[in-house]
Structures are given as C-alpha cells and as structure tokens.
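Report on one structure; see the data block that follows.
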Amino acid sequence: MIAAVVVTYHPGDLSALLAELAGQCDSVIAVDNGSDPAEVEALRKACDQAGATLLELGENLGIAAAQNRGIELAQSRAAESPESNFVLLSDQDSMPAPDMVARLLEAIEEDPAIAAVGPLPSEEREGADELVYVDRGWAPKRASRSELGLSRLDVAFLIASGCLIRLSALASVGKMREDLFIDHVDLEWGVRARKAGWRLVAVPAAKLTHSLGDDVVRLPGRDQPVHVHSPIRNYYILRNTIALVRTSLLPGKWRVRYCYWAAKYAAFNAFAAGDGKTRRKMLRKAAADGFKGRLGPFEE
C-alpha cells in the first residue's frame, strides 16, 4: 500500500498533480500549511476531484511537521505489515512521470534494508539541475553522468519530493525533525537513516520534474547552476546548516566541508544575489540563531 503525502503552502492549481498521484498510489493526502481561505477552497475541490484527503493545519507549521502529520495519517490507515506499506512524499511544485512510482516500488522491494528510494529530479528551465547526491567522503556531491546511467545508485540522502519511504524504516529511524521547519529536513533524516544501517537508493530511470529555488544563475568557471532563494529561505538554509554542523550527526569531514560551503553561501547571497541589505540582515540572524541553537519558525 502506498500513500502519497503532498505538502501545500499557497498552492496554485494542483489538479494535475493530485490526479497523477491518485493514479499511481493507493491514496493521496494533501496537508495544507495555513494557505489563504480561497486557496484552501480551490485545493479542497481539487482533492475531491482526485479522491484525495485534505488535512488542514490552519497555520504554517513547517514542511517537516506537515510531512509528519501526513505520515501519521498514512500510518493509521496502513495494513498490518509495515514492510509492505510505503509513503511517497511530494512537493506542490513537482510532477512525477507516469511510471515513477512503479519504478520506485520495484527498487525498494528488492532489498528490505532499503529505507527509501528516490527518482531523478530535474528542472524544466534554463540551467536545469539534476538533484541526486552521492557521498564523496568529504561531502554529498552531485552524481556524475555515468552514475546517473546506472539502474540503482546508493546515495548520501534523497530530496523529499518523490521520495518513497518504507513505513518500517520510519518506525526505526523516526520521523522528520520539525524544529528545522524547512530546509535540510531531508538531509537530516537521510543521515539518520544511514547511521542506523539503512540504505538510500536513487532510481535514475524514475523521473520527476521539480522546481528548486526562486531563480538560477550561472557563475564563471562553475558547471552547476546556483539556486537563488528568497531572503527568508537564506535564513533557514544558513541557520540549519550551522545547527547541523554543531551536532555530532554529520560525519566529521562533512562538517568541515559544510562550514566552507556555509561561508560561500553567505558571501554570495550577501553581496551578489540582489537585495543585499535584506539578505545580510537575514544571514546575520541565521548565524546568530544557528550558533545559539534557536530553531523552529523564524522570529524577529
């Protein structure tokens, strides 16, 4: 049994996404994080058309909390054997290929030690990026073209959207960490899963179109595009990076590399991404909150 959990926040028309997921999964749960009443009403109609369940949180509790509420509802509906029950996470700005779930299910059933499998997420715009990350020792890095040609690829973590997770793995590893609110939630869960002895596997033949960031730019001498997020996302990304580096969860080499990455990220967004004054303010607060361990939703 597969239950899809879609987290929504000020969504557009999700009729196509909900219909696609309903055709590939046994049930669909949309968890709304406090969207406007008109948006919720439109979402309710789309859910009714697709036969999906709408779970309204009434306020923005963050993506991790919304995922957990959807997972809890899926668990309550699951059959007796957790090994044969799965939850598929989806963002509102993603769209699975028609055979994505079938390919993921085939892969995860090959080995009971696999906690989760994920597709090849790619973007349909200039500067498109393919978001599969392999453990390179010092840090997670994008998979190479040859690696993406494999049928199965063990990875460092899986991005949440399109991720098919075994419910028994969730019972073992635990759910998503809610105080991160948004950003690095999937990274943190993936590291926990691997430390507990589970495998995470990408299935490059399973396709997902996905949007990451507000914009992308190309920098001289860099092959991969740079994703430019809003100032509030700058806050969460930098704060949560610092918070994770300060724990013992990440491997030691990763912590060193993420310190270097955080410095580059802060410098680029402070001086090269536009609206520098606002971004610098948010980045300063991110650093302060990250070092103090002050997590949860952003507060002035």
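1 is the number of the first residue of the sequence shown in full-length UniProt numbering; add one for each residue after it. Built from N, CA and C at the ideal position, the CB exists for glycine as well.
| Check | Outcome |
| --- | --- |
| Alpha-carbon spacing of residue 107 relative to residue 152, whole angstroms | 8 angstroms |
| For residue 4 and residue 45, the rounded distance between their alpha carbons | 18 angstroms |
| Nearest-angstrom Cα separation, counted from residue 278 out to residue 114 | 43 angstroms |
| Residue(s) in a DSSP beta bridge with residue 207 | 120 |
| Spatial distance of residue 173 from residue 193 (CA atoms) | 6 angstroms |
| Option in 165, 169, 132 and 269 with minimal Cα separation from residue 156 | 132 |
| Sequence ranges, beta strand (DSSP E) only - wholly within the UniProt domain "Glycosyltransferase 2-like" (21 to 170), length at least 3 | 27 to 32, 53 to 56, 86 to 91, 94 to 96, 114 to 122, 133 to 135, 140 to 142 and 164 to 166 |
| When 53, 141 and 246 are compared against residue 158, the one with the closest alpha-carbon | 141 |
| Helix, strand or coil at residue 242 according to DSSP, with G and I counted as helix | helix |
| Those residues which DSSP pairs with residue 6 across a bridge | 30 and 90 |
| DSSP-derived helix/strand/coil call for residue 180 | helix |
| C-alpha gap between residue 295 and residue 255, whole angstroms | 19 angstroms |
| Straight-line gap, residue 93 to residue 292 (C-alpha atoms, nearest Å) | 33 angstroms |
| Proximity below 8 angstroms, CB of residue 32 to CB of residue 57 | yes |
| Strand pairing of residue 200, partner residues [DSSP] | 116 |
| Cβ-Cβ distance between residue 73 and residue 2 below 8 angstroms | no |
| Range covered by the alpha helix (DSSP H) that runs through residue 188 | 185 to 195 |
| Candidates 85, 39, 259 and 226: closest to residue 138 by CA position | 259 |
| C-alpha gap between residue 19 and residue 120, whole angstroms | 21 angstroms |
| Residues near residue 163 in its chain [Cβ-Cβ closer than 8 angstroms; skip 5 each side] | 88, 89, 116, 117, 118 and 186 |
| For residue 167 and residue 324, believed in contact at Cβ under 8 angstroms, the rounded distance | Given a span of 1 to 300 for the chain in the structure shown, any question on residue 324 remains unanswerable. |
| CB contact flag (residue 122, residue 209, <8 angstroms) | yes |
| Min CB distance residue 162 to chain B below 8 angstroms | Protein chains in the displayed structure number just one, and chain B is not present. |
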